[in-house]
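Novice: In the numbering used here, the protein residues as written are 22 to 447. Quick one: the structure is below, and I'll ask about it shortly.
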Amino acid sequence: MAFTDTLQKTKSGPLQVSIDDSCSQLSEADDTQLVYVLMTVEPPEVENKKEILPLNLTLVIDRSTSMRGSRLDKVKTAAKMIIEKLSPRDHLSVISYSDRAEVVIPHTKVDDRRRLAGRINQIVPSGGTEILQGLKAGLREMQSVPLQDYVNHLILLTDGHTYGDSQECLDLAQQAASRGVGISAFGIGDEWNDEFLDALVAPSGGQSGYIAEPEQVIHYLRQRIQGLGVIYAQNVVLHEQFPPSVQIKEVFKLSPFAQPIKLGRNQMSLGTIEGEVPLVVLLELLVDFKGKGQMLGLPWRVTAEVPTLDTPQISLSEVHGLIVHGESQGVISPVLIEAVQILNLYRMHEQALGDVSRGNVDAATKRMERLTERFREAGLNGLAQTAKAQTLHLAQTGKVDATGRMTLKFATRQQLTSRLTSKMRS
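If you want it as structure tokens, here you go:
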């Protein structure tokens with residue numbers, strides 16, 4: 022991975038961390054400065070080839086009435102595909118839920134695949150959507166084995182809002198993360214709560230995603246299982262002890278998938294390192310530091326579990342320095358520039374949605390017009406067309422089209438990952 026002269030790299034046997042920033046040399050300014058820091062955590066160049074841990078997987082499937090037809094049919098097909106992809110060492114459980122949960126496949130080794138697929142066929146739609154019931158049942162099944170001996174992950178599929186149990190779901194996700202259980206969640210169609218699913222996966226650094234059409238279910242689940250099947254490190258956490266002059270405004274994971282990171286008390290759960298794919302996060306900092314010739318230190322520590330090691334728990338720490346000069350100097354990495362540009366497009370869309378929620382439709386429309394042009398300038402013509410259609414709908418109705426909103430939000434996230442990957446390989 023090639024960075025510019027601002028790169029700081031720390032190596033430690035099982036992991037190496039690279040840090041790049043947008044302004045390693047701060048200007049001597051009176052105002053608060055915006056600084057971006059790109060952190061990459063990845064396996065060493067010569068990776069330990071010891072066998073990885075087996076997967077302890079739970080699928081939690083929405084079978085509410087709204088899933089009737091092609092949605093549930095495609096989900097069942099995807100679940101049977103997963104059964105075929107898992108190894109005999111892996112463990113699986115499947116839960117279906119509506120306003121109550123049913124254990125479709127009790128926690129078991131993946132051996133008699135035909136029998137397990139037959140159980141999937143028995144799922145039939147009924148009732149409303151209470152996600153808490155499914156999560157509780159799924160996490161109970163997962164704990165049938167010693168969690169420390171497995172890569173533990175729960176995948177939730179839903180097409181609707183949960184009723185009255187959102188906070189309990191979020192509390193349960195926090196508890197699961199503390200036990201080493203990751204959660205990913207995918208919404209089908211456009212009638213589910215994307216902010217809720219983002220919050221649900223945040224404690225474990227998992228993935229949330231948008232499945233526009235039932236036919237895409239297989240693709241998304243296959244992609245997620247492929248990543249989980251090659252976990253190199255899990256429970257990766259970034260700890261920071263930045264001075265009072267530095268405020269973290271936002272943290273966004275860019276790879277292996279784009280996902281906002283929840284800010285905790287001096288620490289952030291980053292999720293997993295999947296195979297040889299680096300874990301990349303972008304930090305946006307507000308820096309208020311004066312003093313020409315002085316250095317501002319940003320102490321950080323990364324902890325993780327590398328299951329293939331005899332001593333899995335590792336910790337790596339360093340201090341990244343920013344020096345105050347008369348004017349900003351240094352060359353910025355093209356990888357960092359690309360990441361910031363796409364992230365700003367994502368933010369522009371989020372700001373337009375905020376304008377709509379506050380009843381300021383004119384401001385939202387103008388912002389969407391600018392976003393359309395920015396997408397075109399970035400060569401993202403498909404997103405530009407979606408943004409233009411969204412702008413017209415907003416101007417005519419004063420409302421946001423749900424499908425267009427979901428498409429822009431999650432497609433822009435995907436661009437963050439794909440553009441980053443392209444730049445890193447070049």
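Here a beta-carbon is modelled for each residue, glycine too, at the ideal position from N, C-alpha and C. Model, not experiment: these values are computed from the prediction.
1) For the pair the stretch 213–224 and the stretch 239–252, tell me if three or more CB-CB distances fall below 8 Å.
2) Check whether the Cβ atoms of L304 and Y118 lie closer than 8 Å to each other.
3) Can the beta-carbon of R397 be found less than 8 Å from the beta-carbon of A405?
4) Hey, how far is the Cα of V17 from the Cα of V302?
5) Assuming the contact rule is C-beta atoms closer than 8 Å, L175 and M163 should be a hit. Round their C-beta distance to whole Å, please.
6) Measure how close the beta-carbons of L59 and D41 come, nearest whole angstrom, since I'm counting them as under 8 Å.
7) From what residue to what residue does the alpha helix (DSSP H) around D211 run?
8) Which of helix, strand or coil does DSSP assign to N287?
9) If you compare alpha carbons, which of M427, L330, E359 and N142 is closest to P35?
10) Quick one: is the Cβ of L153 within less than 7 Å of any heavy atom of the ligand NAP?
11) Using only CA atoms, which one of G149, P75 and I116 lies nearest to D170?
12) Does DSSP put T428 in a helix, in a strand, or in coil?
13) With a 10 Å radius around its C-beta and 16 neighbouring C-beta atoms as the bar for buried, classify Y231 as buried or exposed.
14) If I353 and L306 are in contact, beta carbons under 8 Å, what's the gap, nearest whole angstrom?
15) In its own chain, which residues sit with a C-beta less than 8 Å from the C-beta of I116, not counting the 5 before and 5 after it?
16) Closest to D211 by CA distance: which of F431, V382 and L275 is it?
17) Looking only at its own chain, which residues have a Cβ that is under 7 Å from the Cβ of L275, when we skip the five neighbours before and after it?
18) Would you report the Cα separation of V327 and P355, rounded to the nearest angstrom?
19) Three or more C-beta pairs under 8 Å: does that hold for the stretch 124–142 against the stretch 181–201?
20) Reducing DSSP to helix, strand and coil, say where T414 ends up.
Specialist: Taking the structure as given:
1) With fewer than three CB-CB distances shorter than 8 Å, the stretch 213–224 does not count as touching the stretch 239–252.
2) For the pair L304 and Y118, the CB atoms are not nearer than the 8 Å cut-off.
3) The beta carbons of R397 and A405 sit closer together than 8 Å.
4) Shown here, the chain extends from 22 to 447; a query on residue 17 therefore has no answer.
5) Distance from L175 to M163 at the Cβ level is roughly 7 Å; contact confirmed, criterion being Cβ atoms closer than 8 Å.
6) Between the beta-carbon of L59 and that of D41 there is about 5 Å, and that keeps the pair under the 8 Å contact cut.
7) Taken as a continuous stretch (DSSP letters only), D211 belongs to no alpha helix (DSSP H), as it is neither H nor E.
8) Three-state DSSP puts N287 in coil, outside helix and strand.
9) Answer by Cα proximity: L330.
10) As for the ligand NAP, it is missing from this structure, which has no ligand bound.
11) Of the listed residues, the one whose Cα sits closest to D170 is P75.
12) Three-state DSSP puts T428 in a helix.
13) Buried is the call here.
14) With 8 Å as the limit, I353 and L306 do not qualify as a contact, their Cβ atoms being about 15 Å apart.
15) Within the same chain, Cβ atoms closer than 8 Å to the Cβ of I116 are found at T79, L80, V81, I82, A122, E123, V124, V125, G155, A158, G159 and E162, the five residues on either side in sequence being excluded.
16) Selected option, being the one with the closest Cα: F431.
17) Here the set comprises V301, V302, L303, A360, L437, T438 and L441.
18) Rounded to whole angstroms, the separation of the alpha carbons of P355 and V327 is 30 Å.
19) In short, these stretches do not touch, since the Cβ pair count stays below three.
20) According to the sequence shown, residue 414 is His rather than Thr. In the structure shown, H414 sits in a helix (DSSP, three-state: H, G or I).
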